[in-house]
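K.L.:
Can you read through this structure? Questions will come right after.
Chains as they are written, first to last, in this note's numbering: chain A, 1 to 142; chain B, 143 to 532.
Here's what the structure looks like:
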């Protein structure tokens, strides 16, 4: 059993969508991860922005589906939280570097104390939201 | 900008409290009253007002105007600086720029926040969409991840960090304006043994939210001299950097905008770190002090702990650190909290440090930190170097 709370099934605050992030959220309905890619910079970016973080231009931005596999960049064990996460501590908030070269913040679940270390390989775990979308979590890619 | 043509001719601050019993505008009035008393200026001579960010004022899109109205100031220049904890130091640079541009002559920089008693802030950011659903609460968790990254890369020396915490607490004991709850001595063991909040961030790494206000009056140096004001603090170097690593999808959180801001400020001042008489870094978390020592060039990157272990940070030591206790040991006045570091630096240059007066009151360095971006360190870094009028 994990030493950390996996936070599954709790009523999380629903993420709003913006005009420029809707495609991301739409894809999560099918548990697909799509992120922005700038053709001219040949580089990905996350979180979704209204423009390319590389050039400031919009014309070369497109959405690409990625595997969601990556490695743990950094993390913190949360021991003091506010509702609805209060009394669910301890849990892990982490930055994950996707194999495509972007950092994503999320919860790391199904992770033991022994596994928890920078560099740990992880894969996506889709937690369902009440409106049919899914929230991207990560678990060890064992 | 002719920064060094400007003079800070007076400073003021309220006592920092756990929760203000009085309105934020009454705190502002107290600062104005103190400044008029100390400088001999008339209210009608103040023709510029620059406010810091304020959680209490945050819900008010007319914050600077309504504050001017409450304080009955008739102005040629009126604005709020919204770079969070960086805004008090940023306000000094903007006041100098406004005076230099001829927009106004004498500026009240006012930093007032009663975030505990009345927080009206509702930031529109990446947060609700990309971090809040994960039980992420902003600064303490950002610093948790940052500290873990630092530990993996360079190793964290908790006793070295504790030494910084203890030095600041010793200074708060000598500061009557520090929040009373914090005016109790601590030891390095107390720091190391304080409970984890977000590993590896401990309770004694963190600022305590408080209420209070501070402020200063700035005018042209020659104008001050004509009025016989000789005691003043002169800004001689400034740098500001926002959104460091903006064009990168992965940012090393141990690299901050203080590197660029510091290089600019030191070059403008013609000084180097070893010349600084006292050091007043923005301190929301203890590790931020160590990172600023590294980014500002007091020591090489990743070697903050070694520098800390060989340096005496007491007011009487080689590099006096936040001699009023900093925000961590005096209390954080919301988004106005950077004023606590700033005002203490000015006080030292005025030679009015009393029982905590530093020996070298020729120069002081103050910084600001403002805002928490997505998975990096902080949004805005400011660096201000001040000189006494000697």
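Note that CB positions come from ideal geometry on N, CA and C, so glycine has one too.
Computed from a predicted structure; not experimentally measured.
1. What do you get for residue 107 (chain A), buried or exposed, if any count of 16 or more other CB atoms within 10 angstroms of its CB means buried?
2. Going by DSSP, what residues sit across from residue 400 (chain B) in a beta bridge?
3. Taking the alpha-carbon of residue 169 (chain B) as reference, which of B:301, B:450, B:347 and B:198 has the nearest alpha-carbon?
4. Any chance you could list the alpha helix (DSSP H) runs of at least 4 consecutive residues sitting entirely within the stretch 340 to 421 of chain B, in chain order?
5. Given that a residue counts as buried once 16 or more other Cβ atoms are within 10 Å of its Cβ, and exposed if not, what is residue 204 (chain B)?
6. Just the chain B side, please: which residues come within less than 9 Å of residue 79 (chain A) by C-beta, in chain order?
7. Quick one: Cα of residue 406 (chain B) to Cα of residue 510 (chain B), how far?
8. Could you check whether residue 253 (chain B) and residue 484 (chain B) sit closer than 9 Å to each other, using their CB atoms as the reference points?
9. Within its chain, find whatever has a CB closer than 7 Å to the CB of residue 285 (chain B); leave out the 5 residues flanking it on each side and keep chain order.
10. Please decide whether residue 142 (chain A) counts as near chain B, where near means a Cβ-Cβ distance under 9 Å.
11. Assign residue 23 (chain A) to buried or exposed, taking buried as 16 or more other Cβ atoms, counted over all protein chains shown, within 10 Å of its Cβ.
12. Using a 10 Å radius around the Cβ and a threshold of 16 neighbouring Cβ atoms, would you call residue 50 (chain A) buried or exposed?
13. Using only CA atoms, which one of A:97, A:140 and A:15 lies nearest to residue 134 (chain A)?
14. Does the stretch 28 to 36 of chain A come close enough to the stretch 83 to 96 of chain A that 3 or more CB-CB pairs lie under 8 Å?
15. Give the DSSP bridge partners of residue 64 (chain A), in chain order.
16. Please report the straight-line C-alpha distance between residue 372 (chain B) and residue 365 (chain B), rounded to a whole angstrom.
17. Check the Cβ of residue 34 (chain A) against every Cβ in chain B and list those closer than 8 Å, keeping chain order.
18. Identify each residue in the stretch 89 to 111 of chain A for which the Cβ-Cβ distance to at least one residue of chain B is less than 7 Å, and report them in chain order.
19. Is the distance from the Cβ of residue 465 (chain B) to the Cβ of residue 313 (chain B) below 9 Å?
20. Could you tell me which chain B residues have their CB closer than 8 Å to the CB of residue 123 (chain A), listed as they occur along the chain?
21. Considering only residues of the stretch 196 to 245 of chain B, which uninterrupted alpha helix (DSSP H) runs meet the minimum length of 4 residues and lie entirely inside it, listed in chain order?
22. Flag residue 13 (chain A) as yes if its beta-carbon sits less than 9 Å from any beta-carbon of chain B, otherwise no.
23. Assuming residue 350 (chain B) contacts residue 474 (chain B) (C-beta within less than 8 Å), just tell me the rounded distance between them.
24. Should residue 297 (chain B) be labelled buried (16 or more other beta-carbon atoms within 10 Å of its own) or exposed?
25. According to DSSP, which residues form a beta bridge with residue 134 (chain A)?
26. So, is residue 448 (chain B) buried or exposed, given that buried needs 16 or more other C-beta atoms within 10 angstroms?
27. Can you find at least 3 beta carbon pairs, one from the stretch 437 to 452 of chain B and one from the stretch 208 to 226 of chain B, that sit closer than 8 Å?
28. CB residue 277 (chain B) to CB residue 12 (chain A), shorter than 9 Å?
29. Helix, strand or coil: how does DSSP classify residue 519 (chain B) here?
30. So that I know if they touch, is there some Cβ in chain B lying closer than 9 Å to that of residue 179 (chain A)?
31. Keeping to the same chain, check which residues put their C-beta closer than 7 Å to that of residue 302 (chain B); ignore five residues upstream and five downstream.
32. Could you check which residue in B:512, B:337, B:489 and B:513 has the C-alpha nearest to that of residue 502 (chain B)?
33. Could you give the first and the last residue of the continuous alpha helix (DSSP H) run that contains residue 335 (chain B)?
34. Could you compute how far the alpha carbon of residue 378 (chain B) sits from the alpha carbon of residue 145 (chain B)?
35. Below 8 Å on C-beta distance, what does residue 290 (chain B) contact in chain A?
36. To which residues of the same chain is residue 330 (chain B) closer than 7 Å at the C-beta, ignoring the five residues directly before and after it?
P.N.:
So, from the data block:
1. Residue 107 (chain A) sits at position 107 when you count from the first residue of the first chain. Residue 107 (chain A) comes out buried.
2. Here residue 400 (chain B) corresponds to residue number 258 of the second chain, with the count starting at 1. None, per the DSSP bridge assignment.
3. As a first step, residue 169 (chain B) is located in the second chain; it is residue number 27 there, counting from the start. Answer by Cα proximity: B:198.
4. 363 to 368 and 400 to 411
5. By 1-based counting over the second chain, the position of residue 204 (chain B) is 62. Exposed.
6. Stepping through the first chain from its first residue, residue 79 (chain A) is reached at position 79. For residue 79 (chain A), the chain B residues whose Cβ falls inside 9 Å of its Cβ are 337, 338, 339, 340 and 341, in order along the chain.
7. Start at 1 with the first residue of the second chain, and residue 406 (chain B) comes out as number 264. Start at 1 with the first residue of the second chain, and residue 510 (chain B) comes out as number 368. Each residue's Cα considered, the two are about 15 Å apart.
8. Looking up residue 484 (chain B) in the second chain gives position 342. Looking up residue 253 (chain B) in the second chain gives position 111. Yes, the Cβ-Cβ distance between residue 484 (chain B) and residue 253 (chain B) is below 9 Å.
9. Walking along the second chain from the start, residue 285 (chain B) turns up at place 143. If we look at residue 285 (chain B) and ignore the five residues flanking it on each side, its Cβ neighbours are 343, 427 and 429.
10. By one-based count along the first chain, residue 142 (chain A) stands at place 142. Contact of residue 142 (chain A) with chain B is not assigned, every C-beta pair being separated by 9 Å or more.
11. Against the first chain, residue 23 (chain A) aligns to sequence position 23. Exposed.
12. Here the question's residue 50 (chain A) lines up with position 50 in the first chain. Counting Cβ neighbours within 10 Å, residue 50 (chain A) comes out exposed, since fewer than 16 surround it.
13. For the purposes of this step, residue 134 (chain A) is identified with residue 134 of the first chain, where counting begins at 1. Ranking the options by Cα distance to residue 134 (chain A), first place goes to A:15.
14. no
15. Counting from 1 along the first chain, the entry for residue 64 (chain A) is found at position 64. Answer by DSSP bridge pairing, in chain order: A:35.
16. Here residue 372 (chain B) refers to the residue found at position 230 when the second chain is read from its first residue. Here residue 365 (chain B) refers to the residue found at position 223 when the second chain is read from its first residue. Distance between the alpha carbons of residue 372 (chain B) and residue 365 (chain B): 11 Å.
17. Locating residue 34 (chain A) in the first chain gives position 34, counting from the first residue. Neighbours of residue 34 (chain A) on chain B: none; closest Cβ ~15 Å, over 8 Å.
18. 91, 93, 95, 97, 101, 102, 103, 105, 106 and 107
19. The residue labelled residue 465 (chain B) in the question sits at position 323 within the second chain. The residue labelled residue 313 (chain B) in the question sits at position 171 within the second chain. A contact, by the Cβ cut-off of 9 Å.
20. Start at 1 with the first residue of the first chain, and residue 123 (chain A) comes out as number 123. Within 8 Å Cβ-Cβ: nothing; residue 123 (chain A) doesn't reach chain B, min ~17 Å.
21. Counting whole runs of 4 or more residues, the stretch 196 to 245 of chain B contains the alpha helix (DSSP H) stretches 205 to 212 and 229 to 242.
22. The sequence position of residue 13 (chain A) within the first chain is 13, counting from 1. Chain B, which has a Cβ nearer than 9 Å to the Cβ of residue 13 (chain A), makes this yes.
23. Position 208 of the second chain holds residue 350 (chain B). Position 332 of the second chain holds residue 474 (chain B). Confirmed, Cβ separation roughly 6 Å.
24. Stepping through the second chain from its first residue, residue 297 (chain B) is reached at position 155. So residue 297 (chain B) ends up on the exposed side.
25. Numbered from 1 along the first chain, position 134 holds the residue referred to as residue 134 (chain A). Looking at the DSSP assignment, residue 134 (chain A) forms a beta bridge with A:128.
26. By one-based count along the second chain, residue 448 (chain B) stands at place 306. Exposed: under 16 other Cβ atoms inside 10 Å.
27. no
28. Taking the first residue of the second chain as position 1, residue 277 (chain B) is located at position 135. Taking the first residue of the first chain as position 1, residue 12 (chain A) is located at position 12. Result yes, Cβ atoms of residue 277 (chain B) and residue 12 (chain A) sit closer than 9 Å.
29. Here the question's residue 519 (chain B) lines up with position 377 in the second chain. If DSSP states are grouped into helix, strand and coil, residue 519 (chain B) belongs with coil.
30. Because residue 179 (chain A) is not part of the residues shown, which for chain A are 1 to 142, the question remains open.
31. Locating residue 302 (chain B) in the second chain gives position 160, counting from the first residue. Result list for residue 302 (chain B): 447, 450 and 451, in chain order.
32. Counting from one through the second chain, the residue named residue 502 (chain B) turns up at place 360. Here the closest residue by C-alpha is B:489.
33. Here residue 335 (chain B) is taken as the residue at index 193 of the second chain, counted from 1. 330 to 335 is the extent of the alpha helix (DSSP H) around residue 335 (chain B).
34. One-based indexing of the second chain puts residue 378 (chain B) at position 236. One-based indexing of the second chain puts residue 145 (chain B) at position 3. Their Cα atoms are separated by approximately 6 Å.
35. Taking the first residue of the second chain as 1, we reach residue 290 (chain B) at position 148. Neighbours of residue 290 (chain B) on chain A, chain order: 74, 75, 76 and 118.
36. Counting from 1 along the second chain, the entry for residue 330 (chain B) is found at position 188. Here the set comprises 301, 304, 305 and 308.
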